[in-house]
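In what follows, a single structure is set out as structure tokens and then discussed.
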Amino acid sequence: MFGVSHLRNKRVLSNGFISVGKENLQLMYSDGDKAFGASNDLCIDERLRIASDGIIVND
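Residues 365 to 423 (the working numbering) make up the sequence shown, in order.
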């Protein structure tokens, strides 16, 4: 994880990054309404399969 700082002025050449440690980042998803969580929580794999394959309804 990096901490970012602003440049003091336009003449200072610096990357402005400081290492503040390692973090275990996890992708989080939102369904656009109230649901928010990891891919397992929101069944992302199943949603992608349904979106690509479609749903067949037989009467």
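In this text, a Cβ means the ideal position worked out from N, Cα and C, and glycines have one as well.
This structure is a prediction, so every number in the text was calculated from the model and none was measured.
Query: Tell me, to the nearest whole angstrom, how far the beta carbon of Ser403 is from that of Leu391; I am working on the premise that it is less than 8 Å.; Result: 7 Å
Query: Between Leu353 and Ala415, is the Cβ-Cβ spacing less than 8 Å?; Result: Here the chain comprises residues numbered 365 to 423, so residue 353 is not present and cannot be evaluated.
Query: Within its chain, find whatever has a CB closer than 8 Å to the CB of Ile408; leave out the 5 residues flanking it on each side and keep chain order.; Result: Tyr393
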